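> In UniProt numbering, the protein residues as written are 1 to 187. All residues carry an ideal CB built from backbone N, CA and C; glycine is no exception. Since the model is a prediction, treat every value here as computed from it, not as a measurement.
1) Looking only at C-alpha atoms, which of 21, 6, 143, 156 sits nearest to residue 65?
2) Below 8 Å between beta carbons: does that hold for residue 164 and residue 149?
3) Which residues in the same chain as residue 7 place their Cβ atom closer than 8 Å to its Cβ, once the five residues preceding and following it in sequence are excluded?
4) In this structure, does DSSP put residue 157 in helix, strand or coil?
5) Would you mind sorting residue 138 into buried or exposed? The rule is 16 or more other CB atoms within 10 Å of its CB.
6) Would you report the Cα separation of residue 141 and residue 147, rounded to the nearest angstrom?
7) Under a Cβ-count criterion, where at least 16 other Cβ atoms within 10 Å of its own Cβ denotes burial, should residue 33 be classed as buried or exposed?
8) How close, in whole Å, do the beta carbons of residue 99 and residue 9 come, if the pair is a contact with beta carbons under 8 Å?
9) Using DSSP with H/G/I as helix, E/B as strand and the rest coil, what is residue 131?
10) Spatial neighbours of residue 31 within its chain, please: C-beta separation below 7 Å, excluding the five flanking residues on both sides.
11) Please list, in chain order, all residues of the same chain as residue 50 whose beta carbon is under 6 Å from its beta carbon, the five residues on each side excluded.
12) In chain order, what residues of the same chain have a beta carbon less than 8 Å from the beta carbon of residue 13, not counting five sequence neighbours either side?
13) What is the rounded straight-line gap between the Cα of residue 38 and the Cα of residue 118?
And the structure:
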């Protein structure tokens, strides 16, 4: 029986190679379900298995004229399906590995960023306490109380220009501290 199947396949291939395109359709009808089952054995997903079988048929169609021994169609075609299924699994593994690595990197960056923010907050609070009381007052009203420059000036009895100047100088002093800490690798 096996030899008869091989002979039928060989006849269909020879017919196709001599120009009978209908022979290829018969070949597909004989093998497509088996190819799907074989691919499913590897990938465990019916839809993906059908896609793999279809991709395999495309390869078979493009290379069938080059097949020297039509009696070896079965092993040749099955090896194509096997390779396509294994390639699919390898691609899935690579994608999964990339996703896992990406999640680890994002998680580490978020942890570092939160740690860095906490460190920066701690350092800024220490450095703010070292500023003059005038600078501390302007920073407090502007950033914590959300006062406008005009409101700050009216509240503490200074001009808007002086308020801007104090805010600017306080920010500059804090920037210098942050840059120094970053250069030293502390944050």
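Reading off the structure:
1) 21
2) Against a cut-off of 8 Å, the Cβ pair of residue 149 and residue 164 comes out as a contact.
3) 71
4) Looking at residue 157 - three-state DSSP - the assignment turns out to be coil, as it is neither helix nor strand.
5) buried
6) 6 Å
7) exposed
8) That pair is no contact at about 42 Å.
9) Coil, per DSSP.
10) 77
11) 36
12) 23, 27, 64, 67, 70, 73
13) 56 Å
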